[in-house]
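Trainee: First residue of the sequence shown? That's 0 in numbering that gives the first Met the number 0, and the numbers climb one at a time after it.
Positions of the beta carbon are idealized from the N, C-alpha and C atoms, including for glycine.
Because the structure is a prediction, the values reported are computed rather than measured.
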Amino acid sequence: MKKYWIPELAEGVSSVGARDPNRRLFDSLIPLPQGTTYNCYLIRGSEATALIDTVNPGFDKELLARVRSTGAGEVDYVVMNHAEPDHAGAISEVMRIYPEARLITSKQGAALAKRYFNVPDERIVVVSDGERLALGGKTLQFLETPMLHWPETIMTYLIEDRILFSCDFFGTHTASGFYASQVPEVISFAQRYFGEIMMPFRSAGANALKKLESLEITMIAPSHGPVYPEPEVILEPYRRWTSAETAKKVLIVYISMWGTTAHMAEYLTDRLLSHGIEVAIHELTSADLGDIARDLVDSRAIVLGSPTVLRGMHPLAAYAANLVVALRPPAEYAAFIGSYGWSGGALKQVEEILSPSGVEIVGAVDISGPATRQALEEIEALADRLTERL
Ligand code: FEO
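1) Quick check: the Cα distance between residue 374 and residue 260, rounded to an integer number of angstroms?
2) Can you find the residues in the same chain that come closer than 6 Å, C-beta to C-beta, to residue 294, ignoring five residues on each side of it along the sequence?
3) Verify whether the separation of the beta carbon atoms of residue 37 and residue 13 is less than 8 Å.
4) Suppose the cutoff is 7 Å on Cβ atoms and the five residues either side in sequence are ignored; what does the same chain contact list for residue 71 look like?
5) Thinking C-beta only, is residue 170 closer than 8 Å to residue 222?
6) Beta-carbon separation of residue 300 and residue 389 under 8 Å?
7) Roughly how many angstroms separate the alpha carbons of residue 57 and residue 115, rounded to a whole number?
8) Roughly how many angstroms lie between the CA atoms of residue 26 and residue 130, to the nearest whole one?
9) State the CB to CB distance for the pair residue 80 and residue 154, rounded to an integer number of angstroms; the pair is presumed to be in contact (CB under 8 Å).
10) Provide the residue(s) that pair with residue 101 in DSSP beta bridges, ordered along the chain.
11) Which residues end up in the neighbourhood of the ligand FEO when you take C-beta atoms closer than 5 Å to any of its heavy atoms?
12) Considering only their Cβ atoms, is the gap separating residue 306 from residue 337 smaller than 8 Å?
13) Is the stretch 171–184 in contact with the stretch 218–236, if contact means three or more CB pairs nearer than 8 Å?
14) Would a C-beta distance cut-off of 8 Å place residue 252 and residue 312 closer than the cut-off?
15) Select from 184, 90, 302 and 359 the residue whose C-alpha is nearest the C-alpha of residue 172.
16) In terms of DSSP beta bridges, what is residue 248 paired with?
17) What would DSSP say about residue 70, mapped onto helix, strand or coil?
18) In terms of residue numbering, what span does the beta strand (DSSP E) encompassing residue 41 cover?
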């Protein structure tokens, strides 16, 4: 039998999840350049054992082997903090192997556990906010934290060891390292994850952080990526990100067909930099959506650049604009740059797409043909206007 390293977060608290370094896409949408992990945790009390979350489909055998190698006998409880299959995908198998186990979840989680994982009513225990479960020397406390990022999400706090099992919240998609100190770029990756998953639910995140203030937390163990033995390392940026705090930063996302929009994007970048503004620039044929999501988290303005194709935006630019609206970033200002040959249309479309976001469009430079001296002067004026707003 394969031998696994089973990290212990505290006595009787084992990490039994799986690494997936080869995974390159999540939700058929989000690139995972460093893979990910599906963390789950086994808590052994003197009277009962609880498994907090499970793993992605396909990793159930590995999870069960890890659980067995801790020397634990029965699993009495499976806590489903979240029903998305990357954490709940092995619930059916775990409940089959441990026929006496009961599933702990929220009221909304119970409906999902029945529908997705065929867990019968009599094996489900619905918990409400603050409810506790004694395992013998280890006590779990459940916290209702809805919409992080599904309606049923809860977190689990282990009172004696002061460990918070936060599931997706505080997560990071990387298969590297185990503790945060072992991943040098951890906060950049956490920001990327926040932008992709949590940014649309910022206010729910802020509510959760407020709730966590009443707890003494000495370790945060999320269900993706590294564990934080120093919680402030991740709490501090989360306070900023959930409060929609932005930097004097402009995100420029563009695509170009014959070089004009690229020329304008690069010129605008130079002008903004010369004014002391931070700029993140992404070209859409090669950009990683996760990097764009990361920069949306703290950019105060967004500039979309696109030529007109068939009377509208380039399809990749339209996709990016729709994604911006869906992710609900905290940016207050937007602008457009683009070019066309015989017919405009991209500007009108970007205004339509961005309109529900409430962002203020502070300017647009939409030109026919290559960027002339006059067009570049318009870009300079746009840079001045953005700088003034920022
Ligand atoms: Fe990591 Fe919402 O699943």
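Mentor: Straight from the coordinates:
1) Annotation: residue 374 to residue 260 spans about 11 Å, alpha carbon to alpha carbon.
2) Shown here for residue 294: same chain residues with a beta carbon closer than 6 Å to its own, the five before and five after excluded, namely 250 and 279 in chain order.
3) For residue 37 and residue 13, no; Cβs fall outside 8 Å.
4) Within the same chain, residue 71 has close Cβ partners 41, 43 and 48.
5) Closer than 8 Å, so yes.
6) The answer is yes: Cβ separation under 8 Å.
7) Residue 57 and residue 115 have their C-alpha atoms roughly 16 Å apart.
8) For residue 26 and residue 130, the distance between alpha carbons rounds to 32 Å.
9) Correct: roughly 6 Å between the Cβ atoms.
10) Among the bridge pairs identified by DSSP, residue 101 is matched with 76.
11) My final list is 83, 85 and 167.
12) In this structure, residue 337 places its C-beta atom within 8 Å of the C-beta atom of residue 306.
13) These segments touch.
14) Going by C-beta atoms, residue 252 is not nearer than 8 Å to residue 312.
15) Nearest C-alpha to residue 172: 184.
16) Residue 248 is bridged to 277.
17) The three-state secondary structure of residue 70, taken from DSSP, is coil.
18) Residue 41: member of the beta strand (DSSP E) spanning 40–43, first to last residue.
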